[in-house]
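A.B. asks: If you count the sequence shown from 1, position 9 lands on 9 in UniProt numbering, and the numbers rise without skipping.
Just so you know, even glycine gets a beta-carbon here, dropped at the ideal spot from N, CA and C.
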Amino acid sequence: MLPPQPSALTCAREKEKEIEIEKEQEKDRERERERFFKSAVTAVTAAVAAAVAVAVAIVAISAAAVAFKNVFGVPLPPLLPPPPPPPPLPSMPRLKFKVNTESLRRHDGSRRSPMAEGRSISNGCLDETSSTSKVHRIQRGRG
Numbered sequence: 001m002l003p004p005q006p007s008a009l010t011c012a013r014e015k016e017k018e019i020e021i022e023k024e025q026e027k028d029r030e031r032e033r034e035r036f037f038k039s040a041v042t043a044v045t046a047a048v049a050a051a052v053a054v055a056v057a058i059v060a061i062s063a064a065a066v067a068f069k070n071v072f073g074v075p076l077p078p079l080l081p082p083p084p085p086p087p088p089l090p091s092m093p094r095l096k097f098k099v100n101t102e103s104l105r106r107h108d109g110s111r112r113s114p115m116a117e118g119r120s121i122s123n124g125c126l127d128e129t130s131s132t133s134k135v136h137r138i139q140r141g142r143g
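Structure, rendered in structure tokens:
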């Protein structure tokens, strides 16, 4: 024998009860969201109010210090001691530069002087009558 089947009316009532329970749960969730939102707004408002109060206190203290100085003509002592002087920098070793003398050598190995060849040096460079490249002229001028 088969177990008794619930009637269509009983099934409809159970469905309605389930729908009502879901609606109540949704309302509860909505109320919880509203409570959370209100508490978050309250917390943010309190934080902003505290920050404003601190700013107002700083301005009031500064104004009181200026008024004290103006009335008594005495500067206030510093709130913090002066910072210590920075440590001295370590002495740096002198750099030694090596002069490139290769550009002053002739092909046969003997040294040449730009002044001995009749060329003039002005502003660290040889004049335009030189047959050497600009790079060599600059190297010679600095050397």
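Specify, as a first and last residue, the run of the alpha helix (DSSP H) that Leu9 falls within.
C.D. replies: Counting from 1 along the sequence shown, the entry for residue 9 is found at position 9. Looking at the DSSP string, the run of the alpha helix (DSSP H) that includes Leu9 is Ala8 to Phe72.
A.B. asks: Between Val71 and chain D, is the shortest Cβ-Cβ distance under 7 Å, so that the two count as touching?
C.D. replies: Looking at the structure shown, chain D is missing, and only one protein chain is on hand.
A.B. asks: By how many angstroms is the C-alpha of Lys17 removed from the C-alpha of Lys23?
C.D. replies: As a first step, residue 23 must be located in the sequence shown, where it is residue number 23. As a first step, residue 17 must be located in the sequence shown, where it is residue number 17. Computed Cα separation, rounded: 10 Å.
A.B. asks: Compute the Euclidean distance between the alpha carbons of Ile21 and Arg29, then round it to the nearest angstrom.
C.D. replies: Start at 1 with the first residue of the sequence shown, and residue 21 comes out as number 21. Start at 1 with the first residue of the sequence shown, and residue 29 comes out as number 29. Ile21 and Arg29: Cα-Cα distance of roughly 12 Å.
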